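Numbering (the numbering used here), first residue to last: 23 to 318.
And the structure:
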């Protein structure tokens, strides 16, 4: 993974030295700048130097985002703002999607199912940047209920009002996907033999749905949540840009524009690491939801 990320960044168009010094810089100044940044060496040599520093906890310094500032502390500060946004969007999507999916799965092909399916398809199909712009237009500009962007005025600290619209814009697509998977899972489970057996034993309908059907239908949903959590971190790039949320997504966009290799590499590596950890937690959750997996 590190080789792919490092190579993709290095082969991207643009010259960090030109970005930093400007188009009017002399050839000698550009060559000296590339030497100072270590870009005069062959790419394999640059990679091994970078890996060696990473293992020692040295992620390099920013060449453009914050002059000569260690990128580790910069990225960590931005993650402190992106992770709460991502988790809130995830919780919002799950809390809304699971009940909607259950209702649609219990009443297939009814008007309720059609209505829920329409909502979920809209959530899947609507681009996050368009959803963000529509939320800003309606709730921030026309109704003037919520702020349009940012994290809050400088020195005023965090405010919940700045958190609402980005969370909705980021979570609506996840909500649509989970709703579809939950509905499909409930349809499959409710037609299973053990559900008919539970009904034959006289168990209350609520008990059959909650204790037996819902738990088994959640298996496919766990996979979607695990996969989409990494997608949420990646999707924060668009959402944070629309709302000017000062997190890793906005930082990544600015770092790419500035050809700040150190920041781009660290952010992509960090997102990849979080993605792996979340999928590991999903495997553990499988063991809880399905004892057959645990016993194997």
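All residues carry an ideal CB built from backbone N, CA and C; glycine is no exception. Since this is a predicted model, take the numbers as computed values, not measurements.
Residue closest to residue i, alpha-carbon to alpha-carbon, out of the options
i	options	result
residue 267	31, 191 and 134	191
residue 163	63, 31, 187 and 72	187
residue 319	142, 95, 222 and 242	Because the chain is modelled from 23 through 318, residue 319 falls outside the range shown and cannot be assessed.
residue 274	245, 97, 154 and 229	97
residue 227	238, 212 and 239	212
residue 161	142, 183 and 218	183
residue 104	298, 287 and 260	260
residue 1	286, 79, 304 and 305	Here the chain comprises residues numbered 23 to 318, so residue 1 is not present and cannot be evaluated.
residue 265	117, 73, 132 and 150	150
residue 73	288, 153, 155 and 130	288
residue 293	284, 253, 277 and 64	253
residue 132	205, 38 and 144	205
Coil, strand or helix - residue i by DSSP
i	result
residue 182	coil
residue 319	With the chain represented from 23 up to 318, any question about residue 319 goes unanswered, as that position is not in the structure.
residue 291	helix
residue 132	coil
residue 305	helix
residue 162	helix
residue 251	helix
residue 202	helix
residue 110	helix
residue 127	helix
residue 220	helix
residue 210	helix
Own chain residues within Cβ distance below 6 angstroms of residue i, not counting five before or after
i	result
residue 94	81
residue 300	248 and 251
residue 271	258, 259 and 262
residue 304	244 and 248
residue 100	269, 270 and 273
Distance, residue j Cα to residue i Cα
i	j	result
residue 221	residue 210	16 angstroms
residue 189	residue 166	18 angstroms
residue 30	residue 68	13 angstroms
residue 147	residue 195	8 angstroms
residue 269	residue 91	17 angstroms
residue 134	residue 123	11 angstroms
residue 110	residue 141	20 angstroms
residue 11	residue 121	The displayed coordinates of the chain run from 23 to 318. Any statement about residue 11 would go beyond what the structure contains.
residue 58	residue 107	37 angstroms
residue 171	residue 215	52 angstroms
Nonlocal neighbours in the same chain, by C-beta distance under 7 angstroms from residue i, ignoring five residues either side
i	result
residue 246	199, 200 and 203
residue 291	24 and 27
residue 125	134 and 138
residue 230	217, 220 and 221
residue 169	162, 183 and 184
Per DSSP, the bridge partner or partners of residue i
i	result
residue 92	83
Close beta carbons around residue i, own chain, < 8 angstroms, minus the five adjacent residues each side
i	result
residue 177	Bear in mind that the predicted position of residue 177 carries a pLDDT of just 46, short of 50, making it too unreliable to give a figure here.
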